[in-house]
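K.L.:
My questions will all concern the structure given below.
Chains as they are written, first to last, in our numbering: chain D, 1 to 185; chain B, 1001 to 1185.
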């Protein structure tokens, strides 16, 4: 999120845009990362329980991630143009759910949505919070094809370093004490 | 798994092989699906909290999936050469955990391992079981960089269709009764 942790609104829905999956692209991704016959061979795929070629679940996930990153960049630029300082997002330690709810087929247009269903301050990293994100993707008929729940770090805008930590931080800058302290914290 | 559901041994570890992540490959994947500066720009990445370029978590996941598919194909071929009929695996409805435990950096060699930590017969699809797979990846120093828990369908070898279902199946083959029954099952 390009909002500061404090400003993130729970359950607000962010449209991330859509992507049309072509057969060529589905096959290209699958040949690299998931070459199962119902994802790379249209002839054989016709005899699978899918009845035709489908996208690898990892492909559906990766495309959604790309749309999210693009949306964050665009929002960041928009805020800067308005003279505002955008929030800072960090990397993701992982996720708690991922569902390939229905097949994605060549020609399908998949729309992705993001919302934050929960947030809290990080226990391990001072000055940062955790956002619990939910991404949902639907096809052109409104059927859910993908859902994931992922954690992401987000910087606190209003964070003030406590004086104990400030002191510790200042001490770590001193060469000898710093080396000794870093071994202990 | 290319073993039949009944033959899958809980917690048996399957080595899936390893992959060396080059900087060019890391940047190529990230440019397509996850173009954040610490994954595409070595110069800027030096100033990130990673201190250098790292692989997208989706890249680490996709490479592990590819190694798994390759290992399954190889095992299948080996069984056929031995005159045995390999088991049949189906697609994955999703996962319950995914952790990007530590960064993957250019030059890292990542080893992937798969085990099945639980299994049960499917409640919704007759003749199939569910395997609860855990994939763990470690770098050349033995540090865990990735862990995922994913469900996969696996065919039952010893499945006999119950007579009620056989009768229903036979009836669905008759044109008019079939249409009527399919609306109800």
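We treat Cβ as the ideally placed atom computed from N, Cα and C, and that holds for glycine.
What you are looking at is a predicted structure, and each value in this text was computed from that prediction instead of being measured.
Going by DSSP, name the residue or residues bridged to residue 57/D.
P.N.:
Position 57 of the first chain, counted from the first residue, corresponds to residue 57/D. None; residue 57/D has no bridge partner.
K.L.:
I'd like the ranges of any beta strand (DSSP E) spanning at least 3 consecutive residues and lying wholly in the segment 1067-1132 of chain B.
P.N.:
Entirely contained in the segment 1067-1132 of chain B, the beta strand (DSSP E) runs reaching 3 residues are, in chain order, 1094-1099 and 1109-1121.
K.L.:
Return helix, strand or coil for residue 1156/B, following the three-state DSSP convention.
P.N.:
Residue numbering aside, residue 1156/B sits at position 156 when the second chain is read from its first letter. Coil, per DSSP.
K.L.:
Going by the DSSP bridge assignment, what does residue 146/D pair with across the sheet?
P.N.:
Counting from one through the first chain, the residue named residue 146/D turns up at place 146. Bridge partners of residue 146/D: 137/D.
K.L.:
Mind checking the segment 1065-1096 of chain B against chain D and listing, in chain order, the residues whose C-beta falls within less than 7 Å of any C-beta there?
P.N.:
Listed by position, the residues of the segment 1065-1096 of chain B near chain D (Cβ gap below 7 Å) are 1065, 1066, 1069, 1092, 1093, 1094, 1095 and 1096.
K.L.:
Taking the C-alpha atoms as reference points, what is the distance between residue 19/D and residue 109/D?
P.N.:
Against the first chain, residue 19/D aligns to sequence position 19. Against the first chain, residue 109/D aligns to sequence position 109. Roughly 5 Å separates the two Cα atoms.
K.L.:
Comparing the C-beta of residue 1063/B with each C-beta of chain D, is any distance below 9 Å?
P.N.:
As a position in the second chain, residue 1063/B is number 63, starting the count at 1. Yes, because at least one Cβ of chain D sits closer than 9 Å to the Cβ of residue 1063/B.
K.L.:
Assign residue 166/D to one of two classes, buried (16 or more other C-beta atoms within 10 Å of its C-beta) or exposed (fewer than that).
P.N.:
Translated into positions along the first chain, residue 166/D becomes position 166. Looking at its Cβ environment, which holds fewer than 16 other Cβ atoms inside 10 Å, residue 166/D is exposed.
K.L.:
Opposite residue 15/D in the DSSP bridges: which residues?
P.N.:
As a working mapping, residue 15/D is identified with position 15 in the first chain. Beta-bridge pairing links residue 15/D to 113/D.
K.L.:
Which residues, in chain order, does the segment 1096-1125 of chain B contribute to contact with chain D at a C-beta distance below 7 Å?
P.N.:
Cβ contacts with chain D: 1096, 1097, 1098, 1099 and 1100.
K.L.:
Name, in chain order, the residues that DSSP records as bridge partners for residue 1151/B.
P.N.:
Translated into the one-based positions of the second chain, residue 1151/B becomes position 151. For residue 1151/B, which the question treats as bridged, DSSP gives the partners 1094/B and 1132/B.
K.L.:
For residue 1057/B, return the contacting residues in chain E, with the cut-off set at a CB-CB distance below 7 Å.
P.N.:
Reference to chain E is not applicable here, since the protein chains of this structure are D and B.
K.L.:
Buried or exposed, going by whether 16 or more other CB atoms sit within 10 Å of the CB of residue 13/D?
P.N.:
Position 13 of the first chain, counting from 1, holds the residue named residue 13/D. It counts as exposed.
K.L.:
Can you give the Cα-Cα distance for residue 119/D and residue 5/D, rounded to whole angstroms?
P.N.:
Counting from 1 along the first chain, the entry for residue 119/D is found at position 119. Counting from 1 along the first chain, the entry for residue 5/D is found at position 5. So the two alpha carbons sit approximately 8 Å from each other.
K.L.:
Between 1152/B, 1170/B, 1116/B and 1017/B, which has its C-alpha nearest residue 1125/B's C-alpha?
P.N.:
Start at 1 with the first residue of the second chain, and residue 1125/B comes out as number 125. Comparing Cα positions, the closest option is 1152/B.
K.L.:
Find the residues of chain B that neighbour residue 140/D, judging by a C-beta separation of less than 9 Å, and give them in chain order.
P.N.:
As a position in the first chain, residue 140/D is number 140, starting the count at 1. Chain B residues near residue 140/D: none, gap ~21 Å exceeds 9 Å.
K.L.:
Starting from residue 1042/B and walking both ways along the alpha helix (DSSP H), at which residues does that stretch end?
P.N.:
As a working mapping, residue 1042/B is identified with position 42 in the second chain. Looking at the DSSP string, the run of the alpha helix (DSSP H) that includes residue 1042/B is 1042-1045.
K.L.:
Give a yes or no on whether the minimum CB-CB distance between residue 1035/B and chain D is below 9 Å.
P.N.:
For this step, residue 1035/B is matched to residue 35 along the second chain. Cβ-Cβ to chain D under 9 Å: yes for residue 1035/B.
K.L.:
Just to confirm, are residue 115/D and residue 139/D a CB contact at a threshold of 9 Å?
P.N.:
Residue 115/D sits at position 115 when you count from the first residue of the first chain. Residue 139/D sits at position 139 when you count from the first residue of the first chain. In this structure, residue 139/D does not lie closer than 9 Å to residue 115/D by Cβ.
K.L.:
Can a CB atom of chain B be found closer than 9 Å to the CB of residue 49/D?
P.N.:
Taking the first chain and counting its residues from 1, one reaches residue 49/D at position 49. So, interface residue.
K.L.:
List the whole-angstrom C-beta distance separating residue 1037/B from residue 1100/B, where the pair is believed to meet the contact cut-off of C-beta under 8 Å.
P.N.:
Mapped onto the second chain, residue 1037/B falls at position 37. Mapped onto the second chain, residue 1100/B falls at position 100. Not a contact, Cβ separation roughly 17 Å.
K.L.:
At the 9 Å Cβ level, is residue 1020/B part of the contact set with chain D, yes or no?
P.N.:
Here residue 1020/B refers to the residue found at position 20 of the second chain. So, not an interface residue.
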